[in-house]
Amino acid sequence: MKKELPYWDEMEQGFVTRTLTEMINKTGTWRTFKPVIDHSRCTKCRWCIIYCPEPCIHMEASNSDEKVIIDYDFCKGCGICAEECPVKVIDMVEE
Ligand code: SF4
Ligand code: SF4
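Structure below.
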């Protein structure tokens, strides 16, 4: 039988957080509302990263700073990040 996906011990660290469904489908196509972060007010507390059920939010280095990035290929638009952000800097915007 042809092996299309890697076994768990062949995956890179962090890779196992993606579910099988997500590896096959870009679940972002399910979204009707899109979370948009106001980076000027984001405190980089990482709370949204912890709460995102996908998980499709990560920190990305940007020059000497870092920024919270949402991977829209996989974000389903559930709105949990916007609800849990302690400073309310994530808006859910209709696609
Ligand atoms: S929870 Fe809100 S303030 Fe914290 S990192 Fe995410 S967007 Fe920024
Ligand atoms: S809307 Fe849901 S899936 Fe998308 S980034 Fe926020 S918590 Fe994650």
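Quick note, the working numbering runs 1148 ahead of the 1-based positions in the sequence shown.
Using N, Cα and C, we set each Cβ at its ideal position, and we do this for glycine too.
Given the structure is predicted, the values throughout are model-derived calculations rather than measurements.
Beta-carbon proximity of residue i to residue j, cut-off 9 Å
| i | j | result |
| --- | --- | --- |
| aspartate 1186 | valine 1237 | yes |
| aspartate 1239 | proline 1183 | yes |
Anticipated Cβ contact below 8 Å, residue i with residue j, distance rounded
| i | j | result |
| --- | --- | --- |
| phenylalanine 1222 | cysteine 1233 | Going by Cβ atoms, the distance from phenylalanine 1222 to cysteine 1233 rounds to 19 Å, so no, they are not a contact pair. |
| glycine 1225 | arginine 1194 | Contact flag wrong, Cβ pair sits at about 20 Å. |
| isoleucine 1198 | histidine 1206 | Not a contact, Cβ separation roughly 12 Å. |
| threonine 1191 | valine 1235 | 6 Å |
Range covered by the beta strand (DSSP E) that runs through residue i
| i | result |
| --- | --- |
| glutamate 1208 | 1205-1210 |
| phenylalanine 1181 | 1181-1185 |
Cβ neighbour criterion (16 or more within 10 Å) applied to residue i
| i | result |
| --- | --- |
| alanine 1209 | exposed |
| glutamate 1202 | buried |
Where the alpha helix (DSSP H) containing residue i begins and where it ends
| i | result |
| --- | --- |
| glutamate 1243 | Note, glutamate 1243: premise wrong, no alpha helix (DSSP H); not H, not E. |
| glutamate 1231 | 1228-1232 |
Same chain, Cβ closer than 6 Å to residue i, neighbours up to 5 away in sequence not counted
| i | result |
| --- | --- |
| alanine 1230 | Pro1183, Ile1238, Met1240 |
| asparagine 1211 | none |
Close beta carbons around residue i, own chain, < 8 Å, minus the five adjacent residues each side
| i | result |
| --- | --- |
| glycine 1227 | Phe1181, Pro1183, Met1240 |
Spatial neighbours of residue i in its chain, beta-carbon cut-off 7 Å, leaving aside the 5 residues before and after
| i | result |
| --- | --- |
| arginine 1189 | Val1235, Val1237 |
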